[in-house]
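Residue numbers (the UniProt record's numbering): 1 to 101.
Idealized CB from N, CA, C, for every residue including glycine.
Remarks on the structure that follows.
Here it is in C-alpha cells:
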C-alpha cells in the first residue's frame, strides 16, 4: 500500500486557485478495476482508493503517513511561470516580427 502526497493543480478551464492550496494524500490502486458484467460499470475490491485526506502543509501529510506506517511518494508542485505581456508591445518599432494589418 503506497500513497501519493501532492498539491492539486487548478483545472484547465479554471482561472481560480480555490482548491490548490492544501496538500492531498491519496492511496494508489492496489488491484485493477474490473468491468461488472450486468451493468457494465467499473468496480474494484480496493476501498482505499476512495480515501483522500487533505492537510494544510506538506509536513503534516508526511508526519501522518509516517505515523500510520504508510509508504508514500511526494510530488512537488511546479509553479507556473507568468509571462508579462503588454498590449503596447504589439506596436513597438523594434519588434522581432513586423506587425501587419
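In this chain, residue 26 is not harboured by any alpha helix (DSSP H); it is covered by the beta strand (DSSP E) spanning 23-27.
With contacts defined by Cβ atoms closer than 8 Å, residue 72 and residue 13 do not form a contacting pair. If the five residues before and after residue 49 are omitted, its C-beta is found closer than 7 Å to the C-beta atoms of 27, 29, all from its own chain and listed in chain order. The beta carbon of residue 36 is closer than 6 Å to those of 43 in its chain, skipping five residues each way along the sequence. Of all alpha-carbon atoms in 55, 31, 64, 45, the one lying nearest the alpha-carbon of residue 23 is that of 55.
When secondary structure is reduced to three states using DSSP, residue 88 falls in the helix class. Between the stretch 55-68 and the stretch 80-97, the count of Cβ pairs shorter than 8 Å is below three; the stretches do not touch.
If you compare the alpha carbons of 68, 10, 51 with that of residue 80, the shortest gap goes to 10. Straight through space, the alpha carbons of residue 45 and residue 31 are spaced by roughly 7 Å.
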